[in-house]
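Student: Start counting the sequence shown at 183; every next residue gets the next number (this note's numbering). Each residue gets a CB set at the ideal place from its N, CA and C atoms; glycine is no exception. Here the structure is a predicted model, which is why all the values come from computation and not from measurement. Below you will find the structure I want to go over with you.
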Amino acid sequence: MSIWLFIKIFFSYLIFRLKVAWDSIFTRSTIHHKYSRAYYSILINQLKVYNRPGLKAIEFGGSNQVIKNILSEVDYQIAPNFPEVDIQNLEDYSSEEYDLVILDNVLEHVENPFKAIQEIHRILKPGGTLLAIVPFLIYIHPTPDDYWRFTESGIRKLCENFSEVKIYYWGNRVAAGLINKYGFDLTIKQARFLLGFSLRNEKAYPVNYWFFAKK
Numbered sequence: 183m184s185i186w187l188f189i190k191i192f193f194s195y196l197i198f199r200l201k202v203a204w205d206s207i208f209t210r211s212t213i214h215h216k217y218s219r220a221y222y223s224i225l226i227n228q229l230k231v232y233n234r235p236g237l238k239a240i241e242f243g244g245s246n247q248v249i250k251n252i253l254s255e256v257d258y259q260i261a262p263n264f265p266e267v268d269i270q271n272l273e274d275y276s277s278e279e280y281d282l283v284i285l286d287n288v289l290e291h292v293e294n295p296f297k298a299i300q301e302i303h304r305i306l307k308p309g310g311t312l313l314a315i316v317p318f319l320i321y322i323h324p325t326p327d328d329y330w331r332f333t334e335s336g337i338r339k340l341c342e343n344f345s346e347v348k349i350y351y352w353g354n355r356v357a358a359g360l361i362n363k364y365g366f367d368l369t370i371k372q373a374r375f376l377l378g379f380s381l382r383n384e385k386a387y388p389v390n391y392w393f394f395a396k397k
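Here's what the structure looks like:
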């Protein structure tokens, strides 16, 4: 590595860290939940179109009830957790039954996500939507096991039988580093104290993806 390249990389990183420190000290976010859940604030606006009476929704894979609370007007069902319900085999659920299916950080724990997505597609009504949140730059968390990480290309491959797929992401290198070092329970307040608070989005460093796949 030449000295000039080293200097360029060094000052590039220094400027980035100064921006993050600035965010930590001077930016006052309205987000109050855990740092790893920062994307929920974006989801609130994106889910408004679905929050209306008459829609039937089901969430698989356990629930922190955040999305359920966002969709307060919807007929919202939370399915029993694995192994009682395995989304790779939803034979107890009728075809074309739901307007909306939610998988909140579930697919990484499924041995065959393609089979699971096929089952989700089957139980969605024509024009129904799958909302799924998946991790990318997150450490291994076996509950009971942890199989996969997904890129945007991988998500599109996974959902190639859907008519439309919209993919979003949130994350940056600092967020990824802090979450992997301190865990999922890192709060915005703690991140500020570490001068590591930033909600800047960097496409190359997504912590999470979420996507809407329309049948």
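What are the start and end residues of the beta strand (DSSP E) that includes Gly-310?
Tutor: Within the sequence shown, the letter at position 128 stands for residue 310. Segment 306–317, the beta strand (DSSP E) holding Gly-310.
Student: Ordered along the chain, which non-local residues of its own chain (more than five positions away) have a Cβ less than 6 Å from that of Ser-245?
Tutor: As a first step, residue 245 must be located in the sequence shown, where it is residue number 63. Closer than 6 Å at the Cβ level, and outside the excluded window around Ser-245, lie Ile-260.
Student: Looking at Trp-352 and Val-389, is the spacing between their C-beta atoms short of 8 Å?
Tutor: Position 207 of the sequence shown, counted from the first residue, corresponds to residue 389. Position 170 of the sequence shown, counted from the first residue, corresponds to residue 352. Cβ atoms of Val-389 and Trp-352: closer than 8 Å.
Student: Kindly indicate the opening and closing residues of the beta strand (DSSP E) around Leu-395.
Tutor: The residue you call residue 395 lines up with position 213 of the sequence shown. The amino acid occupying residue 395 in the given sequence is Ala; Leu does not appear at that position. Counted as a single uninterrupted DSSP element, the beta strand (DSSP E) harbouring Ala-395 occupies residues 390–396.
Student: Is it the case that the Cβ atoms of Thr-325 and Tyr-217 are separated by a distance below 8 Å?
Tutor: The residue you call residue 325 lines up with position 143 of the sequence shown. The residue you call residue 217 lines up with position 35 of the sequence shown. For Thr-325 and Tyr-217, no; Cβs fall outside 8 Å.
Student: Are at least three pairs of beta-carbons, each pair with one atom in the stretch 355–370 and one in the stretch 328–342, less than 8 Å apart?
Tutor: no
Student: Considering only their Cβ atoms, is the gap separating Glu-334 from Asp-286 smaller than 8 Å?
Tutor: For the purposes of this step, residue 286 is taken as the residue at position 104 of the sequence shown. For the purposes of this step, residue 334 is taken as the residue at position 152 of the sequence shown. Cβ atoms of Asp-286 and Glu-334: not closer than 8 Å.
Student: Is Ile-370 helix, strand or coil by DSSP?
Tutor: As a first step, residue 370 is located in the sequence shown; it is residue number 188 there, counting from the start. Helix, per DSSP.
Student: Apply the 10 Å Cβ neighbour rule to Thr-403 and answer buried if 16 or more other Cβ atoms are within range, or exposed otherwise.
Tutor: Only positions 183 to 397 of the chain appear in the structure, and residue 403 is not among them; the question remains open.
Student: Could you tell me the alpha carbon to alpha carbon distance between Ile-191 and Lys-201, rounded to whole angstroms?
Tutor: For this step, residue 191 is matched to residue 9 along the sequence shown. For this step, residue 201 is matched to residue 19 along the sequence shown. Computed Cα separation, rounded: 16 Å.
Student: On the DSSP letters alone, give me the boundaries of the alpha helix (DSSP H) that Val-267 sits inside.
Tutor: Working through the sequence shown from its first residue, we reach residue 267 at position 85. Unbroken run through Val-267: none, as it is neither H nor E.
Student: Pull up the distance between the alpha-carbon of Tyr-222 and that of Tyr-391, whole angstroms please.
Tutor: As a first step, residue 222 must be located in the sequence shown, where it is residue number 40. As a first step, residue 391 must be located in the sequence shown, where it is residue number 209. Whole-angstrom Cα-Cα distance: 11 Å.
Student: Around the Cβ of Arg-219, are there at least 16 other Cβ atoms within 10 angstroms (buried) or fewer (exposed)?
Tutor: For this step, residue 219 is matched to residue 37 along the sequence shown. Looking at its Cβ environment, which holds 16 or more other Cβ atoms inside 10 Å, Arg-219 is buried.
Student: Taking Cβ positions, are Lys-396 and Phe-344 nearer each other than 8 Å?
Tutor: Here residue 396 refers to the residue found at position 214 of the sequence shown. Here residue 344 refers to the residue found at position 162 of the sequence shown. It is a contact, given that the beta carbons lie within the stated cut-off.
Student: Check each candidate in His-303, Asp-327 and Val-267 and name the one with the smallest Cα separation from Val-347.
Tutor: Within the sequence shown, residue 347 is the residue found at index 165, counting from 1. Comparing Cα positions, the closest option is His-303.
Student: Under the assumption that Glu-301 contacts Ile-269 (Cβ atoms under 8 Å), give the Cβ distance between them as a whole number of angstroms.
Tutor: On the sequence shown, residue 301 is found 119 positions in, with the first residue counted as 1. On the sequence shown, residue 269 is found 87 positions in, with the first residue counted as 1. Correct: roughly 6 Å between the Cβ atoms.
Student: For Ala-239, which residues of its own chain have a beta-carbon under 8 Å away from its beta-carbon, when the five flanking residues on both sides are left out?
Tutor: Position 57 of the sequence shown, counting from 1, holds the residue named residue 239. Within the same chain, Ala-239 has close Cβ partners Tyr-232, Leu-253, Val-256, Asp-257, Tyr-258, Gln-259, Tyr-280, Asp-281, Leu-282, Val-283 and Ile-284.
Student: Using CA coordinates, which residue listed in Arg-382, Glu-384, Arg-374 and Phe-394 is at the minimum distance from Ile-207?
Tutor: On the sequence shown, residue 207 is found 25 positions in, with the first residue counted as 1. Comparing Cα positions, the closest option is Arg-374.
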